[in-house]
Amino acid sequence: MGIRVAIVAFLAGLGTWAHAADSIEALANTCNNCHGVNGVSVGPTMPSIAGLPQAYLTNVMLEWKSGTRFSATMGRLLKGYSDVQIADLAAHFAKQRWVPQAQKLDEARVRLGAQSLKRCEKCHGNDGLPRDGETPPVNGQWAGYLYLESLKYHDEAVGMSNRQMRGAMKRLRDEDLRAVADYYASQK
Amino acid sequence: MSRLNRRDFLKAVTLAAPALALHAPWAHADGKSRVLVVGGGFGGAVAAKYLKMLAPQLDVTLVERNRVYVSCPLSNEVISGHGEIKDLEAGYDGLQKRGVNVVFDEATAIDAAKRTVTLKSGTTLAYDALVLSPGIDFNYAGVEGYTEELANGDLPHAYKAGPQTLVLKKQLEAMPDGGTFIITVPPGPFRCPPGPYERASQVAAYLRGHGKTKSKVLILDANDSFSKKGLFEQAWKTHYGSMIEWVPGASDGKVVKIDPGTKTAYTNFGEHKADVLNVIPPHHAGSIARNAGLTNEKGWCTVDMLTMESSVQKDIWVVGDACTHGDLPVYPMPKSAHAAVTQAKVAVGAILARLAGQPAPTPYFVNTCYSIAAPDWGFSVVHVYRVEGGKLIYAQEAGGISAIETPALTTLRKLEAGYALGWLKNIMADSFA
Ligand SMILES: Cc1cc2nc3c(=O)[nH]c(=O)nc-3n(C[C@H](O)[C@H](O)[C@H](O)COP(=O)(O)OP(=O)(O)OC[C@H]3O[C@@H](n4cnc5c(N)ncnc54)[C@H](O)[C@@H]3O)c2cc1C
Numbered sequence: 092m093g094i095r096v097a098i099v100a101f102l103a104g105l106g107t108w109a110h111a112a113d114s115i116e117a118l119a120n121t122c123n124n125c126h127g128v129n130g131v132s133v134g135p136t137m138p139s140i141a142g143l144p145q146a147y148l149t150n151v152m153l154e155w156k157s158g159t160r161f162s163a164t165m166g167r168l169l170k171g172y173s174d175v176q177i178a179d180l181a182a183h184f185a186k187q188r189w190v191p192q193a194q195k196l197d198e199a200r201v202r203l204g205a206q207s208l209k210r211c212e213k214c215h216g217n218d219g220l221p222r223d224g225e226t227p228p229v230n231g232q233w234a235g236y237l238y239l240e241s242l243k244y245h246d247e248a249v250g251m252s253n254r255q256m257r258g259a260m261k262r263l264r265d266e267d268l269r270a271v272a273d274y275y276a277s278q279k
Numbered sequence: 270m271s272r273l274n275r276r277d278f279l280k281a282v283t284l285a286a287p288a289l290a291l292h293a294p295w296a297h298a299d300g301k302s303r304v305l306v307v308g309g310g311f312g313g314a315v316a317a318k319y320l321k322m323l324a325p326q327l328d329v330t331l332v333e334r335n336r337v338y339v340s341c342p343l344s345n346e347v348i349s350g351h352g353e354i355k356d357l358e359a360g361y362d363g364l365q366k367r368g369v370n371v372v373f374d375e376a377t378a379i380d381a382a383k384r385t386v387t388l389k390s391g392t393t394l395a396y397d398a399l400v401l402s403p404g405i406d407f408n409y410a411g412v413e414g415y416t417e418e419l420a421n422g423d424l425p426h427a428y429k430a431g432p433q434t435l436v437l438k439k440q441l442e443a444m445p446d447g448g449t450f451i452i453t454v455p456p457g458p459f460r461c462p463p464g465p466y467e468r469a470s471q472v473a474a475y476l477r478g479h480g481k482t483k484s485k486v487l488i489l490d491a492n493d494s495f496s497k498k499g500l501f502e503q504a505w506k507t508h509y510g511s512m513i514e515w516v517p518g519a520s521d522g523k524v525v526k527i528d529p530g531t532k533t534a535y536t537n538f539g540e541h542k543a544d545v546l547n548v549i550p551p552h553h554a555g556s557i558a559r560n561a562g563l564t565n566e567k568g569w570c571t572v573d574m575l576t577m578e579s580s581v582q583k584d585i586w587v588v589g590d591a592c593t594h595g596d597l598p599v600y601p602m603p604k605s606a607h608a609a610v611t612q613a614k615v616a617v618g619a620i621l622a623r624l625a626g627q628p629a630p631t632p633y634f635v636n637t638c639y640s641i642a643a644p645d646w647g648f649s650v651v652h653v654y655r656v657e658g659g660k661l662i663y664a665q666e667a668g669g670i671s672a673i674e675t676p677a678l679t680t681l682r683k684l685e686a687g688y689a690l691g692w693l694k695n696i697m698a699d700s701f702a
């Protein structure tokens, strides 16, 4: 390799630092302090977002931006980003691997959850793996997050738009909501 | 690049390619650029970690005074007994494993001309780029009668989490029913704008939870408004009746003097006797930054809004509580852990670009502060910034505070109280793991 070629290669190498920082990664890195490094959460109430289906990611983020989807926090954040940035973020996180998290869970509650799946299995299976672009994986997602998310569907006042999910959650008692959350969280 | 190592390359650059000599100032005989980070709090830890993550070949050294870092976020919850201080602690082995050279020492002086930093032990470290994230130090003289010795003794400010947090917790627990817990708030800017009000809420939560309902929490404030005021006032009314009273600066709330013996706080025209007196003194950028001449007349470091490089001194980047940053004066960035972390990531991008002789990349700044005002009752404020026409602006269409009036009120508050806990775990991991 001639020196000049080497220099160009080296500069290109240096360039990737800067380029990486200039690309969608710089924006995606701002998500890390809530969703974990590269979207793999270590905080039991915050969802992992690495490896969610691209269609789901795009859809929920655009709905938050337009205000048609309820959120505690995300809507206020995404209103600051363009549709293109949102599409790039969705593509970026969809490319990552889905990493089910090993969690401390109450075994009795997981067993109760396993018995309370009849309103869920049709769409989430008994393994919680993603079935289509609309249904996110819930296997190994954080139990704390799944429980909080299910409260959104449970409380009619929140008005989540997915009617089937609302219907499925409606009749469950608080302890059942926790149990099914723990059950799916326990799946690998 | 396989047959040419970095040293050969640098030789090649200086000998054969004068056009590339712009890299020369960064080049070193050992072939590595040296980035030094002073202060291993949220800002400094993230800077060191992301430098190593994005450019593993860099020589990154972090200088930090303490072996264990204690997070201020969620430390108010420790005072009320809703959290444990051990859950707020982080060590530096995560950064060491990533190849960051961690030096436990105190930086005592910066020589910007020579590009060196001197440590208390006497060592001198050279840098090509310096990141400062020293946080804040206190101006005890700002409240007559208050001193650092008192803060470390019977009158903790507990505005740096650690032993003082636990002293304040003990004092709260020992306070008799009917007692008065006074929190004094300094003139802004101070770190964590919602911090004093969250603390008042947590103190009230403890008192309520322990049946000490005749007690009072008095906030004596030098300012006339505060962060998330509507949300706090709603929470106070909902959970604590009239237990918490806030006295703004305009109503003589500013504390100018205290008598430590009688735990009395004096405002310009009044005096208030406390059972527990929690003075939060005014602050300024960490002393190392001030001594290096990087601060303005108000005591904060001014920076290039898009890169975080000091506007006083080239090759020094200041992030976190120590800097003044944001869409000034429209919407300055709050002094928060979340802000410190995004600022540090931007500084890393700018430094790597500088080392590569390239223009700084587009910066992304965002902030969120969760506050927990009662069990299952949390809320937040969000700030998003973007670059427009080469200037940093606050994105008006985004951000703002959690809804105050909403039919889903209790669910929403419960959600954000939960998210606050997960946020802390992730930001700690983002910084230290
Ligand atoms: C009660 C309270 C509650 C808070 N709650 C929240 C919250 O919920 N959310 C949020 O986002 N923020 C919160 N904050 C604010 C947050 O703690 C700070 O904004 C954040 O810590 C700033 O990070 P930093 O890196 O600038 O400084 P720091 O975290 O203070 O770190 C500075 C570090 O530098 C070291 N240092 C300083 N000088 C030297 C030197 N000369 N040599 C060597 N080492 C040195 C110090 O030892 C320290 O470890 C809260 C603050 C308080 C007080």
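As they're listed, the protein sequences go chains A and B.
For the working numbering, count along the first sequence from 1 and bump the result up by 91.
For the working numbering, count along the second sequence from 1 and bump the result up by 269.
We put the CB at the ideal spot given by N, CA and C, even for glycine.
Cβ of Asn-123 (chain A) within 9 Å of any chain B Cβ: Here residue 123 (chain A) refers to the residue found at position 32 of the first sequence. Yes, contact with chain B.
Listed by chain order, chain B residues near Arg-167 (chain A) by CB distance under 7 Å: As a first step, residue 167 (chain A) is located in the first sequence; it is residue number 76 there, counting from the start. Near Arg-167 (chain A) (Cβ distances below 7 Å), the residues of chain B are Val-651, Ala-667, Gly-668 and Gly-669.
Residues, ordered as in the chain, of the region 130 to 159 of chain A that lie near chain B by beta-carbon distance below 8 Å: Ser-132, Val-133, Gly-134, Pro-135, Thr-136 and Met-137
Tyr-639 (chain B) CB to nearest heavy atom of ligand 1 below 8 Å: Residue mapping note: residue 639 (chain B) aligns to position 370 of the second sequence, counting from 1. True, at least one ligand heavy atom lies under 8 Å from that Cβ.
Nearest-angstrom Cα separation, counted from Lys-209 (chain A) out to Ala-272 (chain A): In the first sequence, counting from the first residue as 1, residue 272 (chain A) sits at position 181. In the first sequence, counting from the first residue as 1, residue 209 (chain A) sits at position 118. Approximately 14 Å, taken between the alpha carbons.
His-607 (chain B) Cβ short of 8 Å to ligand 1 heavy atom set: Along the second sequence, read from residue 1 onward, the residue named residue 607 (chain B) stands at position 338. True, at least one ligand heavy atom lies under 8 Å from that Cβ.
Counted within 10 angstroms of its Cβ, other Cβ atoms place Leu-441 (chain B) as buried (16 or more) or exposed: Numbered from its first residue, the second sequence carries residue 441 (chain B) at position 172. Buried.
Inter-residue spacing [alpha-carbon to alpha-carbon] between Glu-154 (chain A) and Leu-148 (chain A): Indexing the first sequence from 1 puts residue 154 (chain A) at position 63. Indexing the first sequence from 1 puts residue 148 (chain A) at position 57. Glu-154 (chain A) and Leu-148 (chain A): Cα-Cα distance of roughly 10 Å.
Nearest residue (CA-CA) to Ile-557 (chain B), options B:Arg-468, B:Ile-379 and B:Pro-425: Taking the second sequence and counting its residues from 1, the one referred to as residue 557 (chain B) is at position 288. Of B:Arg-468, B:Ile-379 and B:Pro-425, the residue nearest in Cα terms is B:Ile-379.
Interface residues of chain A facing Trp-692 (chain B) [CB-CB closer than 7 Å]: In the second sequence, counting from the first residue as 1, residue 692 (chain B) sits at position 423. Going along chain A in sequence order, the residues near Trp-692 (chain B) (Cβ under 7 Å) are Cys-125, Gly-134 and Met-137.
Contact between the region 397 to 416 of chain B and the region 437 to 452 of chain B (3+ Cβ pairs under 8 Å): no
Near-chain A residues of the region 601 to 618 of chain B - C-beta to any C-beta below 9 Å: Ala-606, His-607, Val-610, Thr-611, Lys-614, Val-615, Val-617 and Gly-618
Element boundaries [alpha helix (DSSP H), containing Cys-125 (chain A)]: Position 34 of the first sequence, counting from 1, holds the residue named residue 125 (chain A). Looking at the DSSP string, the run of the alpha helix (DSSP H) that includes Cys-125 (chain A) is 123 to 126.
Segment contact flag, the region 631 to 648 of chain B with the region 483 to 495 of chain B, C-beta cutoff 8 Å, min 3 pairs: no
Ile-614 (chain B) Cβ short of 8 Å to ligand 1 heavy atom set: Within the second sequence, residue 614 (chain B) is the residue found at index 345, counting from 1. Per the sequence presented here, residue 614 (chain B) reads as Lys, with Ile not at that position. False, no ligand heavy atom lies under 8 Å from that Cβ.
Whole-angstrom C-beta distance between Pro-463 (chain B) and Lys-429 (chain B), which should lie under 8 Å: By one-based count along the second sequence, residue 429 (chain B) stands at place 160. By one-based count along the second sequence, residue 463 (chain B) stands at place 194. Going by Cβ atoms, the distance from Lys-429 (chain B) to Pro-463 (chain B) rounds to 17 Å, so no, they are not a contact pair.
Delimiting residues of the alpha helix (DSSP H) encompassing Leu-315 (chain B): Here residue 315 (chain B) is taken as the residue at index 46 of the second sequence, counted from 1. The sequence as given places Val at residue 315 (chain B); Leu does not occur at that position. Val-315 (chain B) -> alpha helix (DSSP H) spans 311 to 323.
Alpha-carbon to alpha-carbon, Ser-252 (chain A) and Asn-408 (chain B): To locate residue 408 (chain B), count along the second sequence from 1; it is residue 139. To locate residue 252 (chain A), count along the first sequence from 1; it is residue 161. When rounded, the distance between both Cα atoms is 52 Å.
Alpha-carbon spacing of Pro-598 (chain B) relative to Arg-222 (chain A), whole angstroms: Taking the first residue of the second sequence as 1, we reach residue 598 (chain B) at position 329. Taking the first residue of the first sequence as 1, we reach residue 222 (chain A) at position 131. For Pro-598 (chain B) and Arg-222 (chain A), the distance between alpha carbons rounds to 49 Å.
Residue nearest to Gly-691 (chain B) in terms of C-alpha spacing, selected from A:Ile-115, A:Lys-186 and A:Val-133: Taking the second sequence and counting its residues from 1, one reaches residue 691 (chain B) at position 422. The option with the nearest alpha carbon to Gly-691 (chain B) is A:Val-133.
Beta-carbon separation (whole angstroms), Val-617 (chain B) vs Tyr-396 (chain B), contact threshold 8 Å: As a position in the second sequence, residue 617 (chain B) is number 348, starting the count at 1. As a position in the second sequence, residue 396 (chain B) is number 127, starting the count at 1. About 15 Å; that fails the 8 Å criterion.
Ser-649 (chain B) beta carbon less than 9 Å from that of Ile-670 (chain B): Position 401 of the second sequence holds residue 670 (chain B). Position 380 of the second sequence holds residue 649 (chain B). Yes.
Counterpart residues of Leu-208 (chain A) in DSSP-defined beta bridges: Reading the first sequence from its first residue, position 117 is the one you call residue 208 (chain A). For Leu-208 (chain A), which the question treats as bridged, DSSP gives no partner whatsoever.
Buried or exposed (CB count within 10 angstroms, at least 16 for buried), Asn-124 (chain A): What you label residue 124 (chain A) is simply residue 33 of the first sequence in a count that begins at 1. It is buried - the Cβ of Asn-124 (chain A) has at least 16 other Cβ atoms within 10 Å.
Three-state secondary structure (DSSP) of Arg-655 (chain B): For the purposes of this step, residue 655 (chain B) is taken as residue 386 along the second sequence, with counting starting at 1. Arg-655 (chain B) falls in the strand class under three-state DSSP.
Cβ contact (3+ pairs, closer than 8 Å) linking the region 602 to 610 of chain B and the region 304 to 319 of chain B: yes
Supposed close pair Thr-564 (chain B), His-553 (chain B) - CB separation, criterion 8 Å: Locating residue 564 (chain B) in the second sequence gives position 295, where the first residue counts as 1. Locating residue 553 (chain B) in the second sequence gives position 284, where the first residue counts as 1. About 7 Å; that satisfies the 8 Å criterion.
Distance cut-off 8 Å: Gly-457 (chain B) Cβ against heavy atoms of ligand 1: One-based indexing of the second sequence puts residue 457 (chain B) at position 188. No, Cβ of Gly-457 (chain B) sits at least 8 Å from all heavy atoms of ligand 1.
Secondary structure of Glu-685 (chain B), DSSP reduced to three states: Start at 1 with the first residue of the second sequence, and residue 685 (chain B) comes out as number 416. If DSSP states are grouped into helix, strand and coil, Glu-685 (chain B) belongs with the helices.
Identity of the residue in B:Glu-685, B:Met-577, B:Leu-343 and B:Gly-309 nearest Gly-363 (chain B) by Cα: Position 94 of the second sequence holds residue 363 (chain B). Here the closest residue by C-alpha is B:Gly-309.
Simplified DSSP state of Asn-421 (chain B), which is helix, strand or coil: Locating residue 421 (chain B) in the second sequence gives position 152, where the first residue counts as 1. In the structure shown, Asn-421 (chain B) sits in a helix (DSSP, three-state: H, G or I).
Beta carbon of Leu-237 (chain A) nearer than 9 Å to that of Gly-687 (chain B): Counting from 1 along the first sequence, the entry for residue 237 (chain A) is found at position 146. Counting from 1 along the second sequence, the entry for residue 687 (chain B) is found at position 418. No, Cβ-Cβ distance for Leu-237 (chain A) and Gly-687 (chain B) is not below 9 Å.
Simplified DSSP assignment, three categories, for Ile-177 (chain A): Position 86 of the first sequence, counting from 1, holds the residue named residue 177 (chain A). Three-state result, Ile-177 (chain A): helix.
Through-space distance from Gly-360 (chain B) to Asn-703 (chain B), alpha-carbon basis: Because chain B spans 270 through 702 in this model, residue 703 (chain B) falls outside it and cannot be assessed.
Collapsed DSSP secondary structure at Lys-567 (chain B) in the structure displayed: Taking the second sequence and counting its residues from 1, the one referred to as residue 567 (chain B) is at position 298. It is coil, neither helix nor strand.
Leu-690 (chain B) Cβ short of 8 Å to ligand 1 heavy atom set: Locating residue 690 (chain B) in the second sequence gives position 421, where the first residue counts as 1. Checking the Cβ of Leu-690 (chain B) against ligand 1 gives no.
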